[in-house]
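Accompanying notes for the structure given below.
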Ligand SMILES: Cc1ncc(COP(=O)(O)O)c(C=O)c1O
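In this note's numbering, the protein residues as written are 7 to 421.
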């Protein structure tokens, strides 16, 4: 592929161009076929060009693509109900947007408004959200500031104020970090980009307890780990289903490859008068021209319904355990272990095992080798190779991909 002259060079792209997709296979413009363990970075949860998705798109595109949120939008109410009842399972309301970063910006806004309605003891509004080191929440000004990784923020300072980063899964550090300005705690049930690090159940319970104790919002970023990816409909439910979040951001899998995002706000009362949290975002408080178009809602409804019909959460759990068993069963010197939940898996590589080309991390190097061998994966941090296939990947295609991975990893000359 020629280097681009016109597209801004923000991505470190592989030297191939994709042409078409079919289920869990992608084909590049030379006709080369890849087993896809990347799935649009945990997005194409039903594989590529699934008939249910294509049909919903075609049907709705003929009827109404966009009309604006100035009117009732066909499909929004039904989709929101599906998300509240069957995905989150706790009473609340949904705002539709287009991406994960936008969904996170939305819940940060809700947290700030909550901090005004529930100020500190001295009457000053609370505005600070604690997030975690190695987290990833997106690239907008808000979600980037929430992200606990310096490399994402280089030369974009001054950052939006109101975030501090705490060691993940460290109860003492979290407790010590709380101060009077704090109004929420934001975390991923499984940190995706930051290395596939699941939250400890005990830690998540402690976060929930601290939120109750200090009148804080429990904010979950389910953009990558949500929508059946981790073996339950939401990532937190796979870790500790008794925890009750206040705010949840979603994107990726919710649209099966179509741009879609949303955030969910609990109906729980935030004061003795019984004011629901969701009611603090009234008319004029937030908006998005393309948030929840008829087309996006039709596709998303088809995707989520199919996910529920096929119980893809249970499938992700089963196949994810198989991935772990198989890869760890190889007992290769360059593999430390397999982390993660469901089909959000990270192969932790031993960095001291590699002779790396200049400027490559172990994960980027192995990712390149896999691609050349016909398997698409995705790095997560420097030393972790992420495996995030479609949730409906046929078992024989999963095995085919694992066998390519085995070939690549076992040929590495370990030091
Ligand atoms: C956990 C998490 N949050 C937020 C985002 C940002 O989503 P988007 O790229 O749709 O803005 C991502 C993207 O990878 C993510 O993994």
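Idealized CB from N, CA, C, for every residue including glycine.
Relative to ligand 1, the nearest heavy atom lies less than 7 angstroms away from the CB of residue 199. Here the distance from the Cβ of residue 159 to the nearest heavy atom of ligand 1 is not below 7 angstroms. Proximity of the beta carbon of residue 386 to ligand 1 is not indicated: no heavy atom of the ligand is located closer than 7 angstroms. By the Cβ rule, the stretch 177-186 does not count as touching the stretch 309-324, because fewer than three pairs are nearer than 8 angstroms. Comparing alpha-carbon positions, the option among 54, 248 and 108 lying closest to residue 295 turns out to be 108.
With 16 or more other CB atoms across the displayed protein chains lying within 10 angstroms of its CB, residue 188 is buried. The DSSP assignment places complete alpha helix (DSSP H) segments of no fewer than 4 residues inside the stretch 310-381 at 318-335 and 368-378, in order along the chain.
Apart from the 5 residues on each side of it in sequence, residue 134 sits with its Cβ closer than 6 angstroms to the Cβ of 168, 187 and 188 in its chain, given in chain order. Note on the stretch 141-211: whole alpha helix (DSSP H) runs with a minimum of 4 residues are 147-152 and 177-183, in chain order. CA-to-CA, the gap between residue 80 and residue 266 works out to about 15 angstroms.
Within the model, the alpha-carbon separation for residue 110 versus residue 230 is close to 12 angstroms. Straight-line spacing of the CA atoms in residue 88 and residue 36 works out to 41 angstroms. The DSSP-derived three-state label of residue 215 is helix. Between residue 190 and residue 217, the alpha-carbon positions lie close to 7 angstroms from each other.
Unbroken alpha helix (DSSP H) runs of no fewer than 4 residues, entirely contained in the stretch 112-142, are not found. By the 16-neighbour rule on beta-carbons within 10 angstroms, residue 335 is exposed. In the pairwise beta carbon analysis, the stretch 12-30 is classified as touching the stretch 394-408: at least three pairs are separated by under 8 angstroms. When the beta-carbon positions are compared, residue 309 and residue 261 come within less than 8 angstroms of each other.
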